[in-house]
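Only one structure is covered here, and it is reproduced in the block below.
2 protein chains.
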Amino acid sequence: MENKKVTIYDVAEEAGVSLATVSRVINGAQVVKESTRQKVLEAIDKLDFKPNQIARGLATSKTTTIAVIFPQSLFGHVKDMVGGIGDAGRLLDYNILMYTTDDIGDGNSIETIIEKVIKTRADGILLFYNEQIKEELELIHKYNIPTVVIGYRIDDAMTCSIYLDAREVGYSITKDYLDKGKTDIVFMKPRQNLVDLDQFVKGMEEAYKEAGIPFADDRVLSVSSHYEKNLPEFVYYFKKHRHQVVFTGYDKQAVAVVNAAQDNGIKIPDDMEVVGMMDTSYAIMCRPALTSIHLPIYDMGAMAVRLLTKMLNNEPIEERQVSVVNMLIKRQTTN
Amino acid sequence: MENKKVTIYDVAEEAGVSLATVSRVINGAQVVKESTRQKVLEAIDKLDFKPNQIARGLATSKTTTIAVIFPQSLFGHVKDMVGGIGDAGRLLDYNILMYTTDDIGDGNSIETIIEKVIKTRADGILLFYNEQIKEELELIHKYNIPTVVIGYRIDDAMTCSIYLDAREVGYSITKDYLDKGKTDIVFMKPRQNLVDLDQFVKGMEEAYKEAGIPFADDRVLSVSSHYEKNLPEFVYYFKKHRHQVVFTGYDKQAVAVVNAAQDNGIKIPDDMEVVGMMDTSYAIMCRPALTSIHLPIYDMGAMAVRLLTKMLNNEPIEERQVSVVNMLIKRQTTN
DNA sequence: TTGAAAGCGCTAACAT
DNA sequence: ATGTTAGCGCTTTCAA
Numbered sequence: 588m589e590n591k592k593v594t595i596y597d598v599a600e601e602a603g604v605s606l607a608t609v610s611r612v613i614n615g616a617q618v619v620k621e622s623t624r625q626k627v628l629e630a631i632d633k634l635d636f637k638p639n640q641i642a643r644g645l646a647t648s649k650t651t652t653i654a655v656i657f658p659q660s661l662f663g664h665v666k667d668m669v670g671g672i673g674d675a676g677r678l679l680d681y682n683i684l685m686y687t688t689d690d691i692g693d694g695n696s697i698e699t700i701i702e703k704v705i706k707t708r709a710d711g712i713l714l715f716y717n718e719q720i721k722e723e724l725e726l727i728h729k730y731n732i733p734t735v736v737i738g739y740r741i742d743d744a745m746t747c748s749i750y751l752d753a754r755e756v757g758y759s760i761t762k763d764y765l766d767k768g769k770t771d772i773v774f775m776k777p778r779q780n781l782v783d784l785d786q787f788v789k790g791m792e793e794a795y796k797e798a799g800i801p802f803a804d805d806r807v808l809s810v811s812s813h814y815e816k817n818l819p820e821f822v823y824y825f826k827k828h829r830h831q832v833v834f835t836g837y838d839k840q841a842v843a844v845v846n847a848a849q850d851n852g853i854k855i856p857d858d859m860e861v862v863g864m865m866d867t868s869y870a871i872m873c874r875p876a877l878t879s880i881h882l883p884i885y886d887m888g889a890m891a892v893r894l895l896t897k898m899l900n901n902e903p904i905e906e907r908q909v910s911v912v913n914m915l916i917k918r919q920t921t922n
Numbered sequence: 588m589e590n591k592k593v594t595i596y597d598v599a600e601e602a603g604v605s606l607a608t609v610s611r612v613i614n615g616a617q618v619v620k621e622s623t624r625q626k627v628l629e630a631i632d633k634l635d636f637k638p639n640q641i642a643r644g645l646a647t648s649k650t651t652t653i654a655v656i657f658p659q660s661l662f663g664h665v666k667d668m669v670g671g672i673g674d675a676g677r678l679l680d681y682n683i684l685m686y687t688t689d690d691i692g693d694g695n696s697i698e699t700i701i702e703k704v705i706k707t708r709a710d711g712i713l714l715f716y717n718e719q720i721k722e723e724l725e726l727i728h729k730y731n732i733p734t735v736v737i738g739y740r741i742d743d744a745m746t747c748s749i750y751l752d753a754r755e756v757g758y759s760i761t762k763d764y765l766d767k768g769k770t771d772i773v774f775m776k777p778r779q780n781l782v783d784l785d786q787f788v789k790g791m792e793e794a795y796k797e798a799g800i801p802f803a804d805d806r807v808l809s810v811s812s813h814y815e816k817n818l819p820e821f822v823y824y825f826k827k828h829r830h831q832v833v834f835t836g837y838d839k840q841a842v843a844v845v846n847a848a849q850d851n852g853i854k855i856p857d858d859m860e861v862v863g864m865m866d867t868s869y870a871i872m873c874r875p876a877l878t879s880i881h882l883p884i885y886d887m888g889a890m891a892v893r894l895l896t897k898m899l900n901n902e903p904i905e906e907r908q909v910s911v912v913n914m915l916i917k918r919q920t921t922n
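Following this line, the structure appears as structure tokens:
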């Protein structure tokens with residue numbers, strides 16, 4: 588049971604056939620006679636042969652590998668997506684190469700990362716929306732690598748995308764509140780980008796306009812992405828400000844709003860309603876538990892991989908730009 | 588600027604040298620004359636040549652790739668580690684192949700996963716402690732692949748490990764409380780395994796024994812890993828039980844304890860102190876903010892990769908089993 | 001200091 | 001249905 592370096596030659600010899608036949612067997616070619624197939628299979632088993640994917644990659648110019656490039660800053664938001672990506676990769680028999688960006692200021696530019704990806708000859712690339720997405724795509728396009736972007740709608744020939752129609756979400760949730768007569772709504776907008784928060788704002792504006800209410804600039808507050816900063820920020824803010832409803836770009840900010848408001852004696856949800864986004868575990872651990880906009884994060888990861896493999900295999904693709912469903916999960920921070 | 592398929596031959600031709608020389612240049616061989624080196628570099632630049640890592644891998648039998656196998660159930664705990672792993676991989680110029688296990692009951696057995704890893708010819712493997720770790724290591728050892736285990740001390744020739752000495756932590760934190768006269772301590776133990784919680788219990792026992800206090804079985808409660816389950820579980824529990832101190836195996840459980848205790852009118856920290864583990868963002872978002880045992884998660888990921896690359900390059904390794912430091916971060920759930 | 005040529009382990013025509 | 005052979009794009013002796 589020496590596992591030194593069993594090659595297709597060894598198997599061929601053991602089975603008394605040529606290496607081509609072995610190759611046919613491991614690739615499931617239909618032409619092989621059943622009896623020889625069995626012989627080969629036995630030899631493979633006996634020698635514990637594992638086909639070298641590197642050699643195969645060189646011969647076929649395909650690596651069955653997908654490169655995923657995460658902005659580390661997004662990692663908290665996308666961790667559940669890793670499950671979907673991993674499961675789909677396993678199911679479809681693709682390997683997932685993981686690259687991260689941010690955080691360390693080393694050779695960390697997108698050029699460097701993409702150069703690495705090119706060198707590995709990954710078949711496809713999975714990208715998350717971020718500030719530099721356009722540059723990234725431009726670089727990638729030079730190499731004609733199929734790409735899927737998560738979190739932002741991209742329309743071009745080499746790219747598919749999976750995204751939330753944030754404008755629609757912003758519009759409808761705002762409209763609901765306006766219809767109920769709650770017109771003092773504020774949006775705490777962190778610098779975050781798995782969801783296009785600018786579009787969300789656009790949607791809010793639209794609803795206001797439709798209701799004939801002017802949409803003042805101070806309905807949108809740019810806030811930190813870090814809870815530690817948010818909390819004091821909001822404690823201060825709610826000393827002077829009151830609102831009927833607060834939307835946030837991410838659950839963490841919603842928790843900070845809840846905690847800060849309570850510190851200022853604001854009763855939630857009676858004095859003020861709070862809506863989070865992404866429906867993370869923070870939502871259920873918060874007291875009162877957060878109402879939050881739920882996205883199918885796991886599925887987005889799985890769908891992205893599936894979509895990418897379709898592109899790689901030239902399978903027909905019905906929808907190149909997939910807008911995912913969302914759902915408002917009502918808990919205790921809203922009425 | 589056609590990026591069709593530039594190979595080392597094209598570069599050689601462009602530079603007017605042989606492909607061997609080009610190979611020497613891209614591999615930094617010292618023998619090449621500076622003037623030819625420049626010619627080659629220019630040609631590489633002009634043609635935008637990116638060496639094919641697959642071909643190189645075949646020629647050298649090295650892939651500069653590390654396979655990381657995550658149990659998905661651990662993902663919440665290890666997400667920050669992904670940062671460390673990614674950064675270290677980038678710095679050391681290794682690619683990270685990501686495999687996940689769990690969750691879907693498909694071809695998800697460890698054999699299947701490890702077979703995939705073998706086929707990719709990854710140079711090394713990064714593993715997280717889990718219930719099947721021994722079987723996994725046994726399988727891997729057949730192929731002589733250097734491995735690093737995170738979360739559990741493993742002593743064998745092919746394996747290094749990075750772990751928390753949970754026994755010591757359990758001992759010292761328990762002793763501190765016993766010394767202060769707080770002898771009614773309980774441990775909420777989820778099924779979790781980046782930290783060896785059984786060892787933590789051993790440490791607690793030791794401290795009790797040393798203090799001459801019997802350590803009753805009901806000091807350790809096996810609880811769910813899910814907050815949704817924990818909360819009702821604990822709300823019920825604290826209707827009948829009171830303790831001076833509660834340790835937990837993970838911050839989520841600590842949050843559940845805090846919330847459940849407060850529902851039962853138990854004042855924290857005055858009536859009861861609560862200590863979390865892992866010092867996650869849950870700790871700061873909880874009210875009152877959690878005291879928690881902090882581990883250098885990011886560093887553990889980075890160290891693991893560094894350690895693995897040392898093994899791969901036959902660099903000297905001072906410590907094959909690295910015990911990481913920990914720190915009790917005191918917040919508002921303890922006095 | 002450079003070039004020629006063999007080989008890494010496989011796939012895919014092309015023959016048979 | 002099976003075997004032969006020429007690559008895939010690189011590294012690495014061995015010669016020159």
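First to last, the protein sequences are chains A and B. This note's numbering applies: residue 588 is where the first sequence begins, and numbers increase by one. This note's numbering applies: residue 588 is where the second sequence begins, and numbers increase by one. Beta carbons are placed, not taken as given, at the ideal position from N, Cα and C, and that holds for glycine. All of these numbers come straight from a predicted model, not from anything done at the bench.
Residue i - partner residues in DSSP beta bridges
i	result
residue 743/A	746/A
residue 688/A	658/A
residue 878/A	862/A
residue 713/B	655/B, 735/B
residue 606/A	Partner(s): none; residue 606/A has no beta bridge.
residue 773/A	833/A
Simplified DSSP state of residue i, which is helix, strand or coil
i	result
residue 851/A	coil
residue 701/A	helix
residue 637/A	coil
residue 830/A	coil
residue 682/A	strand
residue 612/A	helix
residue 910/A	strand
residue 800/A	coil
residue 835/A	strand
residue 571/B	Residue 571/B falls outside the range modelled here, since chain B spans only 588 to 922, and no answer is possible.
residue 813/B	coil
residue 781/B	coil
Any chain B beta carbon closer than 8 Å to residue i
i	result
residue 904/A	no
residue 868/A	yes
residue 674/A	yes
residue 761/A	no
residue 739/A	no
residue 846/A	yes
residue 662/A	yes
residue 685/A	yes
Endpoints, beta strand (DSSP E) assigned at residue i
i	result
residue 863/B	860-864
residue 595/B	Looking at the DSSP string, residue 595/B is not in any beta strand (DSSP E); the run it does join, the alpha helix (DSSP H), is 595-602.
residue 809/B	807-810
Residue i vs residue j beta-carbon contact at 8 Å
i	j	result
residue 598/B	residue 609/B	yes
residue 880/A	residue 773/A	no
residue 754/B	residue 796/B	no
residue 658/A	residue 689/A	yes
residue 844/A	residue 833/A	yes
residue 671/A	residue 864/A	no
residue 668/B	residue 683/A	no
residue 675/A	residue 892/A	yes
residue 919/B	residue 876/B	yes
residue 812/A	residue 856/A	no
residue 839/B	residue 869/B	yes
residue 730/A	residue 705/A	yes
C-beta neighbour in chain A for residue i, strict 8 Å
i	result
residue 561/B	There is simply no residue 561/B to check, as chain B begins at 588 and stops at 922 in what is shown.
residue 751/B	no
residue 897/B	no
Extent of the continuous alpha helix (DSSP H) to which residue i belongs
i	result
residue 894/B	884-899
residue 762/A	753-766
residue 727/A	720-728
residue 904/B	Run containing residue 904/B: none; DSSP gives neither H nor E here.
The ligand HEM heavy atom lying under 7 Å from the CB of residue i
i	result
residue 682/B	The ligand HEM is not part of the structure shown, which contains no ligands of any sort.
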